[in-house]
Every structure is written in C-alpha cells, then in structure tokens.
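Student: Residue numbers (numbering that gives the first Met the number 0), protein chains in the order written: chain A, 0 to 180; chain B, 0 to 180; chain C, 0 to 395; chain D, 0 to 395.
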Amino acid sequence: MKKFDADAVCEKLLRKQAGRTSRRSLISRLGIALVAAPVFPLLPVSRAEAAKPDRSPEAKTAFARSAQTEDDTECTYWRYCAIDGALCSCCGGGIHTCPAGSEPSPVSWVGTCINPDNGKAYLIAYRDCCGKPMCNQCLCDNTDRETQLYTPQLNNDIIWCFGTQSMQYHCSTAVLVGGAE
Amino acid sequence: MKKFDADAVCEKLLRKQAGRTSRRSLISRLGIALVAAPVFPLLPVSRAEAAKPDRSPEAKTAFARSAQTEDDTECTYWRYCAIDGALCSCCGGGIHTCPAGSEPSPVSWVGTCINPDNGKAYLIAYRDCCGKPMCNQCLCDNTDRETQLYTPQLNNDIIWCFGTQSMQYHCSTAVLVGGAE
Amino acid sequence: MKSYSGFRFGVVAALALSGPALYGIAAFAPAANAKDPNGLEPEESDTATIEAPQAGWFYVRGGWEVDGTAIYDGKSGKMKGIVASSQLSDMAIDPAGKYYYISETIWSKGNRGTRQDMVSVYDSQTLKLVTEIPIPSRILVDERKQNFVLSADGRWGFIYSFSPAQAVNVVDLAKRKFVKTVELPGCAALIPNPGVGFSALCSDGTMATVTDPAGKAAITHGPAFFAASDDPIFENFAYDKAKNTAIFVSYTGLVYTAKMGASPEVSAPFSLQEAAGYAPAVTKPLSVAWYPGSRQPAAYNAASGELFVLMHMGEYWSHKAFGDEIWVLDVAARKVVRRLALKEPVGHIEVTQQAEPLIFVNDEKSEGMILDGRTGEELHRIETAGSGVISVASGS
Amino acid sequence: MKSYSGFRFGVVAALALSGPALYGIAAFAPAANAKDPNGLEPEESDTATIEAPQAGWFYVRGGWEVDGTAIYDGKSGKMKGIVASSQLSDMAIDPAGKYYYISETIWSKGNRGTRQDMVSVYDSQTLKLVTEIPIPSRILVDERKQNFVLSADGRWGFIYSFSPAQAVNVVDLAKRKFVKTVELPGCAALIPNPGVGFSALCSDGTMATVTDPAGKAAITHGPAFFAASDDPIFENFAYDKAKNTAIFVSYTGLVYTAKMGASPEVSAPFSLQEAAGYAPAVTKPLSVAWYPGSRQPAAYNAASGELFVLMHMGEYWSHKAFGDEIWVLDVAARKVVRRLALKEPVGHIEVTQQAEPLIFVNDEKSEGMILDGRTGEELHRIETAGSGVISVASGS
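1) Using only the alpha-carbon positions, how far apart do Leu328 of chain D and Asn135 of chain A sit?
2) Would you kindly work out how many angstroms separate the C-alpha atoms of Asp116 of chain B and Arg64 of chain B, rounded to a whole number?
3) For the region 106-131 of chain C, list every residue whose C-beta sits within 7 Å of some C-beta in chain G, in sequence order.
4) Which residues of the region 75-90 of chain A have a Cβ closer than 7 Å to any Cβ of chain C? Give them in chain order.
5) Check each candidate in B:Gln167, B:Gly177 and B:Ala173 and name the one with the smallest Cα separation from Gly67 of chain D.
6) Beta-carbon within less than 6 Å of Phe225 of chain D's beta-carbon, same chain only, minus the 5 sequence neighbours each way: which residues are those?
7) Relative to the C-alpha of Ala166 of chain D, which candidate in D:Leu183, D:Phe177 and D:Lys176 has its C-alpha closest?
8) Closer than 7 Å, CB to CB, is Asp127 of chain A near chain D or not?
9) Look at Lys319 of chain D and Thr111 of chain A and say whether their C-beta atoms are less than 7 Å apart.
10) Between Ser119 of chain C and the rest of its own chain, which residues show a CB-CB distance below 7 Å, the 5 nearest in sequence each way excluded?
11) Please classify Met90 of chain D: is it buried, with 16 or more other beta-carbons within 10 angstroms of its beta-carbon, or exposed?
12) So, using beta-carbon positions, are Gly346 of chain C and Arg380 of chain C closer together than 7 Å?
13) Once the 5 residues before and after Leu139 of chain C are set aside, which same chain residues still bring their CB inside 7 Å of it?
14) Please classify Pro151 of chain A: is it buried, with 16 or more other beta-carbons within 10 angstroms of its beta-carbon, or exposed?
15) For Cys128 of chain B, which three-state DSSP category applies?
16) Going by the CB atoms, is the gap between Tyr159 of chain D and Ser123 of chain D shorter than 7 Å?
17) Chain C beta carbons: is any one of them nearer than 7 Å to that of Cys97 of chain A?
18) Against chain D, does Lys59 of chain A count as a neighbour if the rule is that its beta carbon must be under 7 Å from one of theirs?
19) Quick one, which of A:Gly84, A:Gly118 and A:Tyr149 has its alpha-carbon nearest Gly178 of chain A's?
20) Using 7 Å as the limit for Cβ to Cβ distance, is Thr146 of chain B near chain C?
21) Just the Cα atoms here: how many angstroms apart are Leu138 of chain B and Ala227 of chain D?
22) Quick check on the burial criterion: 16 or more other C-beta atoms within 10 angstroms. Buried or exposed for Thr113 of chain D?
23) Using the beta-carbon of each residue, which ones in chain A are nearer than 8 Å to Phe161 of chain D?
24) Given a limit of 8 Å on CB to CB distance, which residues of the region 96-119 of chain B reach chain C?
25) Checking 7 Å against the spacing of the C-beta atoms, do Ser165 of chain B and Gly84 of chain B come in under that value?
26) What residue does the alpha helix (DSSP H) around Ala61 of chain A start on, and which one ends it?
27) For Val360 of chain D, would you say it is in contact with chain C, using Cβ-to-Cβ distances shorter than 7 Å as the test?
28) Restricting to Cα atoms, I'd like to know which of C:His220, C:Val59, C:Gly73 and C:Glu50 is closest to Ile362 of chain C.
29) What residue range does the beta strand (DSSP E) around Gln115 of chain C cover?
30) Out of D:Ala297, D:Leu126, D:Gly76 and D:Thr282, which has the shortest C-alpha to C-alpha gap to Val145 of chain A?
31) Rounded to whole angstroms, what's the CA-CA distance from Leu253 of chain D to Pro284 of chain D? Just pull it up for me.
32) Measuring only the C-alpha atoms, how far is Asn168 of chain C from Ser162 of chain C?
33) Going by beta-carbon coordinates alone, are Val42 of chain D and Val109 of chain B separated by less than 7 Å?
34) Helix, strand or coil for Tyr159 of chain D per DSSP?
35) Measuring CB to CB, does Ser44 of chain D end up less than 7 Å from Pro98 of chain B?
36) Leaving out five residues on either side along the sequence, give the residues of the same chain with a beta carbon under 6 Å from the beta carbon of Pro132 of chain A.
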C-alpha cells in the first residue's frame, strides 16, 4: 500500500539536519532510534504485500469509505484517518497551521490516508501544536492503522511535543508530507 | 436571628491564640482585619432586628423548609445551608473530618442554619479541606445568606485554604461551632 | 505489510521536522492533482497570528478544571485562539489592544511547592508570553472579573488580594513591576475611577475610593447606600466609560448608578421588577418572583445604554441560580424594554460594545451560545466553549 | 440584622481556628439537644486515615483535565479518599501495601518553566506525601498502566520513557533514588518478570526481556510471535502472579499467553471469537464482527482464571471503540463462559482479585459502575467517578 523509499528520504533529511545546531540535542536523541532501527527483523510478509497496493472500495477502511475533502473542521476530513485530539482547524489554526501562540512539534506520528477524490494514498504527519492549554474544539479520534506504544510513530495517544518550548498539548494538525506511493 | 456575643468570643479566641507561635503569621494577618473592623459603621437597622429572631415556618428560607437531619451526604442536610463545593462526607471524610491526606483550613466562611428537629439556629463553619485534588462527589451550592467578596466571611466561592500546607481545594466540611442564639 | 511500512514510517516520522528547518521534505513528489481545498502539495508547518482585540470578540474562561481563555469571533462563532490562563486566574485586556494580562497563581509543583503570584503578559497578536511580573499575592476565587482591573490608560493594574486580609496590589504595567500593596479592609469589587484611582464596594454598605493608588493611596468612604448583607450588590457591576458611570444590581433587583470621581455619587435605586411592570422583589422567604442571579448576572452595552440581566423565578437567596430569561433594561429610562427567553438556563452573560450588540451566554456543560442582542435569536452554538466568565474588549 | 451579625460573624469566622489549636470554641454553649446523627455539640476539625490497600478497592484516575486518583470501596461504592496525581501521571501500588507511588511530570509554572519528573511517594494510610524521587524523564501519554510497574517485591520501579528515544528508568524504591536508564529501542508495555527483571513488547513482534535491570541490564529478544502493525497486541495485558503468566489480546481478538522467565515462552494464540462460537475476526475491511477494544479493554481475575474483555461490534481498526459487552473468557479452557451486556458503552474495565470479583467500568462522562463479576448486575453507580484508567491492588 505504501512504497516510497524511506531509506533515501532518511538520508536526505539527515544531511539537511547535519549543519543545524538548534535542534542538535533532539537529533542526538533521534540518533538512538535510528541506530537501533536495523536491529529489528522485518516480518517476511511485509515486502511481498507492500508491492501490491489495493485501493479498491473493498480494501478501504470504514473511515476511508466515508471520508470527504470539503471540510477540514470535521472529523471525517480525509487526512484525519488517524488523528487523535482537537483539530487545529477549529482552534484558530489550520490544516498545517498552529493557532497563535502555539508551536508545531518537529516530530509527530503519521498516518496513511486515502484521498477519495483521486483514490491515492498520502503520508500525513499529525504534528501536535504545543504550548497552549488544550483546545476543546472538534475532538476526533480516528484510528486507521493506529497501533500501540511499541510502535510509537503510529500511536496517536502520545503527547507529541518534542523540541518545543512547552510540552503542553494544544491541538493537532494533519500536514501532507507526500504521496505514499 | 443570631445574638451570640461576637466581641466576647473574639477576645477569648485571641487570648487562646496569643501564646502560640506556629500560626503567628496567620494571626498577624488576621490582626489587620480585626483592627479594621470597628471602623465600619453598622447599619442602624441591625441591632433592632437582631433582637427578634423569627423561626416561624414563614420566616424560613426555601432551603430551611426542606432541610433534613438524617443524611449528611445530601445537599439538603440542614447544616449545608450555605455550603459550596464537594461534601467531605462523600469523599472519605465526614461532617467535620477531612479525608485522608487533606488538611482543614483554620479559617472559613460561616453560615447560620436552622436545625429542623428543634427549630434552633446554629453557627456553622464551612472549613475547606485542602491539599488534595478536588473531590468531585456530592457537589452542592447552597446560598442562604451568602454574599459577595466585600463580606468574605459570608462568601462561599473563595478558596478558604489559609495556613494550610497546600491551598488546593479538596472538599468542604460543615463544623458546628455553637448555637446562634 | 503494515508492520514493515509502519516501522519504516516511524523513522521518517521521527524525522519529519517541521517548517523552515526542513526543505528536504520536498523530496517527496506530490501525487497527481485532485480537488481539495488544501491542495495536495507537500506542506510546511507554520503558526498563525491574530488581529488585535476586536469589538466583536468574546473571551471565555475554560472553567474550574479547564485552563485557558478562548477567544471567539461573535459573528462567525469560530475560535480565534486561546490565551493561556491557569486555574483561578483573572484576565484584563490592555485598552491599547497590545496585550492580554493574566493575573495568576501557580505552585512550582502543581498542588504543592512554592507559590508564585504573577501577572503574565501575552502579546495580543502572537499570543506568546512576553514576560511575567511577580506580585506578592492575590485572591484565590473563581468566576470574578472585578479582581483584576486596569486604569483607563492601561498604565496601572489593580489586583485584589485576600490573605485573608483584604488589600489591592498595584502593578505598573508600563514598567512591568509591582509597585505597592494598598490595604482595603472590608471592601472588594474593584471599580474603574479614571483620573482618581479605583473604587470598591464595602461590607458597611459604602463605596470606598482609593485616590492615587500608586502614590499616597488615600482611602475615602462615601455614605452607606446599600445593605451589604441584607440585599447585597452583585460585584459583577457594569461600567459606562463615556458617562464615567458604574451600574449595580442588588440581589432583589435594585439598580444603582454611581457617577464616578473623587467622591462618587450614587443615585437612589429603582427596582428592576418595577421597571418590567411587576411589584418589587423582596428579601423575605415565601415570596416567589423574578430575581437576578447566576455567576455573571449582568452585562452592559454602552452604545444603547442597555443592561442585560439574567433573571430566574425563585425566592430570595437564590442569587446563584442560572438565568432563564435576559431582561434588557434601558438604564436611563428605568424600563425593561425587552425580555429574551433562553432555551436553557445559563450562568454567565456578556455583550459586545457594538451598535448592534451580540450576546454570549454559557451554561454548566460548557455550551456557549451567541445571541442577537436585539432579538435574542441564537446565531451560533459552540460545544465545550468554556464554562467560566466571559469578557469583551471594552468599546472606545 | 444580617449586615450587622454578618459582619461580626466575619470576625469570628476569621478566628474560628480548627482542631487542637483552639479549645476556646467550647465557649459557645450548644443549643438544646435534638435528634441528629452528628449531634449538636460544638465540634473540632480532624483528618481521617484509611486502611492499607484492600482487595475490594478500585483506584480510578480522574481523567485528562481532572487531577487525582479516587479510591472507591467496591462493596459500598463509597469513596475512601484521593491519591494526588497530576495530569498524565501513572500510579503503582506498593505490593506491601505501605505506599502509593505516582510517576509524574510537573512544570514549575504549570505549562511552562522547568520540567520536573519524579516518583511521588504517598503513605497509603495517611495519603500524605512522604517524599519525591527525581527521575530524568518519562513518557507523556494518558490511559496506560504499563508505563510504571514494580518488581514483585516492591523494591524496584520501572518507568517507561519516550524522549522520543525509548527507554526505561529504574528506580530503587527502598533507597528512594533513581538508579539508571536502560535504553529499549522499539519496545514498550512493561511486563513483570519476577526474579529476572521485566519484559516488554516490541515493534518487531518479539518480546524483549531485560535481565537485572538495575545492574548489567542485559536485553534479549525472543522470536517474533505477533504482527505488531498488522494485528497489534493491546498493551493492556493481564498478569497471573501465581502462574507467572502474562495474557495478551490482539486487535482481532487473538489471545496469547506467555510463561514469564529469562526466556518467556509464548503459546500459540487462539481466537476470542472462536472461543465464543463465532468465526475468528479478521484484519480486512468490510468484515463486521465483535472486536475487543476501548482504552483499557481487558482485566483478569486470577482466582477464577477469567479474562474480562470489553467487546464491540465493528470493523477492524475500531480498536478504541468503547465496549458494549463484557466477554468473560476462561483462559485455560479457551472458552467464553459469560457475556455481560452493558447498559451504555464503557472505556475502561478492571476487576478485583477476590474469589467473588467485582467489576468497575467507566465511561466518557466519568460515570462509574460497579458490577457483580458473575452476573454483571449493576451494584453501584457513581457520578463523576473519574474517566481514566482503573487499577486494583494486586491479589496475594
């Protein structure tokens, strides 16, 4: 279902980061996770299945089947397939914009959501906006491919406020990172 | 309706306090209020009315007419005529007992409540128990003779946690101080 | 597949750094274009700014256990943002529109540790914390707007304190420092008094006036004009800037106006119920009538000279009961000109300072409703809008 | 009169000092005796203490914005007290019953200032803070019990951390000091492993075991046994102390048991739906079935060997949906022996370790219900009981 080259992307991102100092401590912590990554054996089933994305209506989750592309202040908006929290679009922010006074977390959990207009899958970064009290508007909890803490990048319960001045959770954005194929 | 001798009581209380050091700073702050007290002119109507308590059913507030003496975990319990908050009786404490880990405030707001069994009025000290998170059980807000902040001792909105280790509001007790006549 | 791609995504996710830090993200080629209001190009994260305080905005405190003061645009009913505000905090809005001031008390370890009283200063357009001004103390009580008021020019902040001695802390907001504590025994509810200092209501039934609070801080008391324990005046007074007049309502519905100044002059009161064609309400039991009440019972629109009062049917000492109707009082004419029925009882009311005002009311369940100020028609309903006090930017 | 006596009362009130500080209070002669369960004698304020943790007690976290962990007696449905616990904190109960440990993160100024991570130690009978043990970090996430577990003897505390590097902080609870951080990439959900250390579930489908965590902290991984992204195992595992066995449920309802030890042995899974006479549930869309789910989906009674699982009808990836039924699984017999219908959907379940167990469930509105563990009959309903995770003291 998703087949972009994560390794190549990682390398690019790392090279971009190398010259920056302001996020150094964050990067060094990330380094741990990166170094550790290759240790994990990959389940044999993975590569085979990954080669055959199935976007037929029968393969769509309940969320994907009823998703819409018109209104990003509703939980049914297509990008929100794995969002958990208050929609920043309802809090004075936007789909990729933190409300005034809050700060986007540079790291986030991700979802792979299907745009119903073209049937294609996209990688969505659910960046939390941090440093303001919880915005209690438009609370959603969608869970497509959402897992547990041992796979944290796919878990939407964690307070994803790292490298921000304050770790207080305010709301969540759904930033389009790229096509997932 | 109430005619105990407040001046005499104050004097007694002050004498009892004089030798104690642990609450010294509190007392010095209270001193301000005490010194200031005589400055206020008393409304001429007061003394006249005070002499004629009227406990007839017609003179009872809506609360007093439906108050009961059986169950101190209900908002209708007679002593609660001016309580605001969670009843400590529902939080692991009792009518004059703070729940474990909390601490009674030495100062409080007061109410004058009528016991329906004998028709007599009593002075009730609503001592807040402090230092634990709000107990959300049995929330009551009764307002007989409850006034505004300029008469703080009759206001039940203030966090009455003074001289306690923590000022966090936990619940409220209704301590019988004495007869109000 | 999910276990595979999921894991690898994790590495990407942990590196999907936001905004200007990362242009490498464009390495993802966007998928073919398709209809979407937000487009399908890779995006960067950014942060919004908002306008300076607007006449049509409402500021709603979250409530007892809910931090923050949400800003709603009255016309659209949409949230503009949140000013950080902690439990039992009070907000004041810079009359010049540059800052939001939060008077708050924070312990270093939540419910324990070191007590820190301060005025936190937020830029009104970025909503970022500018600075903190330490103060010695403040009262801990919810649901009040009269414990933190500013001078008309925005220079001074007056913060009520109860320790349990009653006092007012004076803060120089220009120099951003605490100036002094003025002891004010027996009084509360701070009332603006431009060119003088501030005034307050007292338990002896008088109004106290503090002249030159940052300097000599002379306190004078006027004559007793209300029965502070018999028929208390709600602290939630209204203030008409153009007329320099404060308007008060008592528990029974007596309406007083006070021309502010070095020696404020209080009018003889009139009955709100009489102004609506009823007999005046009384203090004795077993007399059911319409009474004013709730947590924030009255709001005032200076343009029309109308006072909006939350009213309920009940007996005396039901002054915290939520309102079932809004009575609109023409203060000068001493006449209730409209009665607006509410769909459900509400605990707070505020009104904008516009010629065609909007009303904001909220209830215990944090439901917020924006109503037309003339007809009472419901224009917007906002879930979890906040259950605390409501403010507006003062009109010009 | 009220203004008079009210004011004078104020002076008394401000001096009505509590408890042993003040016997002068007896100067008020009590009024004539009358029927009242509390009597009509002047009283002094005091503070309660409670028993050490009891097998019939439930511990319910307040919720996202509600501090505290309330203790309810299952039999009476009454609150015993509250353990102070801040937002996103985790609680562990000393197996000896002497302490409650709260792992928490507090900023020095609420939402800003200095971050302080600590284990706060409360005496179980006075509920007073005994001490704080500083730790370097912990994960900030709600609704989990597996981020703070203790060794069987109560000596060591293991606190999960995510910064976003994954690690476990080891605390010596006897000496009350932080010992070390064990890096544990790709794993979470800490599982007791008596005599060894602890284990955890990993994103590669294995179980990791950390031997001698306070010492050399050797990490070994067993074989992959579950599909961590395809059909994840709920972290909310059960643990049978007597059998030293952990029990897991996956999103589709696969039940695994793991005999703990230096090299935990995981059984082949069986289907919860098959155990109830249905076809096994699957991961593909458009297949509606009973699935396990919610925030705290399973609880275990070791005395009967029964697992209580919250189930709902839905499609796959609905794993956070609240439960409409409790399925009671006899784990050894691999059979669902009872299905208990719930009056309304609930998000958390816990069960006491008694021979005749009690169930506690709660919903989004903080409503708590205590049910008979055999029949599901509602015994008590508690308003605003708390909407967070539920714990019990571990059985003997």
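For every residue, glycine included, the Cβ atom is placed at its ideal position computed from N, Cα and C. These figures come from a predicted structure and were not determined experimentally.
Tutor: Let me lay it out:
1) For the purposes of this step, residue 328 of chain D is taken as residue 329 along the fourth sequence, with counting starting at 1. For the purposes of this step, residue 135 of chain A is taken as residue 136 along the first sequence, with counting starting at 1. Spanning the two alpha carbons is a distance of roughly 38 Å.
2) Position 117 of the second sequence holds residue 116 of chain B. Position 65 of the second sequence holds residue 64 of chain B. Each residue's alpha carbon lies about 11 Å from the other.
3) Any reference to chain G falls outside this structure, whose protein chains are A, B, C and D.
4) Answer in chain order: Cys89 and Cys90.
5) What you label residue 67 of chain D is simply residue 68 of the fourth sequence in a count that begins at 1. The residue with the shortest Cα to Cα distance from Gly67 of chain D is B:Gln167.
6) Here residue 225 of chain D corresponds to residue number 226 of the fourth sequence, with the count starting at 1. Only Gly204 and Ile232 meet the Cβ criterion.
7) Taking the fourth sequence and counting its residues from 1, the one referred to as residue 166 of chain D is at position 167. Its Cα nearest to that of Ala166 of chain D, the residue D:Leu183 stands out among D:Leu183, D:Phe177 and D:Lys176.
8) Here residue 127 of chain A refers to the residue found at position 128 when the first sequence is read from its first residue. Chain D, which has no Cβ nearer than 7 Å to the Cβ of Asp127 of chain A, makes this no.
9) Locating residue 319 of chain D in the fourth sequence gives position 320, counting from the first residue. Locating residue 111 of chain A in the first sequence gives position 112, counting from the first residue. Result no, Cβ atoms of Lys319 of chain D and Thr111 of chain A do not sit closer than 7 Å.
10) Along the third sequence, one-based indexing puts residue 119 of chain C at 120. Same-chain partners within the cutoff: Ile101, Glu103, Leu128 and Glu131.
11) Taking the first residue of the fourth sequence as 1, we reach residue 90 of chain D at position 91. Buried, since its Cβ has 16 or more Cβ neighbours within 10 Å.
12) The count along the third sequence starts at 1 and reaches residue 346 of chain C at position 347. The count along the third sequence starts at 1 and reaches residue 380 of chain C at position 381. Judged by their CB atoms, Gly346 of chain C and Arg380 of chain C are not nearer to each other than the 7 Å cut-off.
13) By 1-based counting over the third sequence, the position of residue 139 of chain C is 140. Apart from the 5 residues on each side of it in sequence, Leu139 of chain C sits with its Cβ closer than 7 Å to the Cβ of Leu87 and Thr104 in its chain, given in chain order.
14) Sequence index remark: in the first sequence, residue 151 of chain A carries index 152 (1-based). With 16 or more other Cβ atoms within 10 Å, it is buried.
15) Here residue 128 of chain B is taken as the residue at index 129 of the second sequence, counted from 1. If DSSP states are grouped into helix, strand and coil, Cys128 of chain B belongs with the strands.
16) The count along the fourth sequence starts at 1 and reaches residue 123 of chain D at position 124. The count along the fourth sequence starts at 1 and reaches residue 159 of chain D at position 160. No. Outside cutoff.
17) Along the first sequence, read from residue 1 onward, the residue named residue 97 of chain A stands at position 98. By this cut-off, Cys97 of chain A is an interface position.
18) As a working mapping, residue 59 of chain A is identified with position 60 in the first sequence. Yes, Lys59 of chain A counts as interfacial toward chain D.
19) Translated into positions along the first sequence, residue 178 of chain A becomes position 179. Of all alpha-carbon atoms in A:Gly84, A:Gly118 and A:Tyr149, the one lying nearest the alpha-carbon of Gly178 of chain A is that of A:Gly118.
20) Locating residue 146 of chain B in the second sequence gives position 147, counting from the first residue. Chain C contact via Cβ: present.
21) Numbered from 1 along the second sequence, position 139 holds the residue referred to as residue 138 of chain B. Numbered from 1 along the fourth sequence, position 228 holds the residue referred to as residue 227 of chain D. About 45 Å.
22) Looking up residue 113 of chain D in the fourth sequence gives position 114. Thr113 of chain D is exposed by the Cβ-count criterion.
23) Against the fourth sequence, residue 161 of chain D aligns to sequence position 162. Within chain A, the residues near Phe161 of chain D are Leu148, Pro151 and Ile157.
24) Here the close residues are Val106.
25) Stepping through the second sequence from its first residue, residue 165 of chain B is reached at position 166. Stepping through the second sequence from its first residue, residue 84 of chain B is reached at position 85. No; because the gap between Cβ atoms is not below 7 Å, this pair is not in contact.
26) Residue mapping note: residue 61 of chain A aligns to position 62 of the first sequence, counting from 1. For Ala61 of chain A, the enclosing alpha helix (DSSP H) starts and ends at Ala61 to Ser65.
27) Mapped onto the fourth sequence, residue 360 of chain D falls at position 361. Using beta-carbon distances, Val360 of chain D does not count as an interface residue toward chain C, since no partner is under 7 Å.
28) Translated into positions along the third sequence, residue 362 of chain C becomes position 363. Sequence inspection shows Asp at residue 362 of chain C; the Ile mentioned does not correspond to that position. Among C:His220, C:Val59, C:Gly73 and C:Glu50, the Cα nearest to that of Asp362 of chain C belongs to C:Val59.
29) Mapped onto the third sequence, residue 115 of chain C falls at position 116. That run of the beta strand (DSSP E) goes Arg111 to Asp122.
30) Locating residue 145 of chain A in the first sequence gives position 146, where the first residue counts as 1. Per the sequence shown, residue 145 of chain A should be read as Glu rather than Val. Comparing alpha carbon positions, the residue from D:Ala297, D:Leu126, D:Gly76 and D:Thr282 closest to Glu145 of chain A is D:Thr282.
31) In the fourth sequence, counting from the first residue as 1, residue 253 of chain D sits at position 254. In the fourth sequence, counting from the first residue as 1, residue 284 of chain D sits at position 285. Cα-Cα distance, rounded: 17 Å.
32) As a working note, residue 168 of chain C is residue 169 in the third sequence. As a working note, residue 162 of chain C is residue 163 in the third sequence. Their backbone Cα atoms lie some 12 Å apart in a straight line.
33) Residue numbering aside, residue 42 of chain D sits at position 43 when the fourth sequence is read from its first letter. Residue numbering aside, residue 109 of chain B sits at position 110 when the second sequence is read from its first letter. Note that residue 42 of chain D is Glu in the sequence shown, not Val. No. Outside cutoff.
34) Taking the fourth sequence and counting its residues from 1, one reaches residue 159 of chain D at position 160. Secondary structure of Tyr159 of chain D (DSSP, three-state): strand.
35) Taking the first residue of the fourth sequence as 1, we reach residue 44 of chain D at position 45. Taking the first residue of the second sequence as 1, we reach residue 98 of chain B at position 99. Taking 7 Å as the Cβ cut-off, Ser44 of chain D and Pro98 of chain B do not qualify as a contacting pair.
36) Taking the first sequence and counting its residues from 1, the one referred to as residue 132 of chain A is at position 133. Nothing meets the Cβ criterion.
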